[in-house]
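See structure below.
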Amino acid sequence: MRQFELYRRRLIPKECILLKDDHILSFEDNRLVTVWNALKPKKELHHGISCFFFDDNIKLSKFYRADGSLIYWYIDIISADVCEGTPSEVLPYHAETDPEKRDICRILSSLEQQSGSQPPVSLVVTDLLADILIYPDGFVKVVDLGEISDALEKDLLGHRSAATTLQITDRTLECIYRGDFKKYQEYVEKFE
Numbered sequence: 185m186r187q188f189e190l191y192r193r194r195l196i197p198k199e200c201i202l203l204k205d206d207h208i209l210s211f212e213d214n215r216l217v218t219v220w221n222a223l224k225p226k227k228e229l230h231h232g233i234s235c236f237f238f239d240d241n242i243k244l245s246k247f248y249r250a251d252g253s254l255i256y257w258y259i260d261i262i263s264a265d266v267c268e269g270t271p272s273e274v275l276p277y278h279a280e281t282d283p284e285k286r287d288i289c290r291i292l293s294s295l296e297q298q299s300g301s302q303p304p305v306s307l308v309v310t311d312l313l314a315d316i317l318i319y320p321d322g323f324v325k326v327v328d329l330g331e332i333s334d335a336l337e338k339d340l341l342g343h344r345s346a347a348t349t350l351q352i353t354d355r356t357l358e359c360i361y362r363g364d365f366k367k368y369q370e371y372v373e374k375f376e
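Positions 185 to 376 (the working numbering) are the ones given, in order, by the sequence shown.
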């Protein structure tokens, strides 16, 4: 069975980076859990753990300082694409709403089971700009909404994708405010 390569694609700034140093802890039930060190260490951010909840179009991460103390929980609104070989810029940027197309585990498994000498399979996760931070004291902050406007103006994101991104952000915030988001956090904490 072939291994897939994990890429992080950003719209602003435009980049697609192979996450070669991320360590996969689990990949089941359409959830991918990784641990990592910061690609570009910052004053506070040193390392973290992330879970890609593909059914919900979110990536939930715990950001830690070098001493292991929690900075905050960080929620990226994402879309995911699977492709053969190295990803190219022609892949669409979209927030997929069709459950069949979001079943990343099934798609990867299908591609990995094909026989013969084929290029590696790539899982490309696109950051759709909107982010939600949950601080240790429970304070919730939404950031980078202005980047959605910038991406629309620069034709980096279509209107449908922007609308879907805002709907996912709203749905995630409602889950947090209802107190239901703890189930996501508890799932991530199982791997620490």
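All C-beta atoms in this analysis are idealised placements derived from N, C-alpha and C, irrespective of residue type, glycine included.
Contact under 7 Å by Cβ, residue i with residue j
| i | j | result |
| --- | --- | --- |
| Leu223 | Phe236 | no |
| Leu190 | Asp205 | no |
| Lys243 | Asp260 | yes |
| Arg193 | Thr270 | no |
| Glu268 | Arg249 | no |
| Glu331 | Leu312 | no |
| Tyr258 | Tyr319 | no |
| Leu203 | Val266 | no |
| Asn221 | Phe238 | no |
Per DSSP, cross-strand counterpart(s) of residue i
| i | result |
| --- | --- |
| Gly232 | Trp220 and Phe247 |
| His343 | His343 pairs with nothing; no bridge assigned. |
| Val372 | Val372 is not bridged to any residue. |
| Tyr191 | Leu202 and Val308 |
| Lys325 | Leu317 |
| Leu254 | Tyr248 |
| Ser210 | Val217 |
Chain B contact for residue i (CB, 7 Å cutoff)
| i | result |
| --- | --- |
| Ser306 | Absent from the structure is chain B; it holds one protein chain and no more. |
Neighbour-count burial assignment, residue i, 16 or more Cβ in a 10 Å radius
| i | result |
| --- | --- |
| Ala264 | buried |
| Gly300 | Annotation note: pLDDT 47 at Gly300 (below 50); position unreliable, coordinate value reported separately. Exposed, since its Cβ has fewer than 16 Cβ neighbours within 10 Å. |
| Glu280 | For Glu280, the predicted model reports a pLDDT of 49, less than 50, meaning its position is unreliable; a value from the coordinates is still stated below. Under this definition Glu280 is a buried residue. |
| Gly252 | exposed |
| Ala346 | buried |
| Ile208 | exposed |
| Gln187 | exposed |
| Ile316 | buried |
| Leu195 | buried |
| Leu339 | A quick correction: the sequence has Asp, not Leu, at residue 339. Result: exposed. |
| Tyr361 | exposed |
| Asp321 | exposed |
| Asp240 | buried |
| Leu254 | exposed |
| Val274 | The predicted position of Val274 is uncertain, since its pLDDT is 43 and thus under 50; no value can be drawn from it. |
Cβ separation of residue i and residue j, assumed to be a contact under 8 Å, to the nearest whole Å
| i | j | result |
| --- | --- | --- |
| Phe375 | Ile233 | 6 Å |
Requested in this report: Flag this pair as touching only if the region 313-332 and the region 347-359 have three or more C-beta atom pairs under 8 Å; answer yes or no.
Outcome: The region 313-332 vs the region 347-359: in contact.
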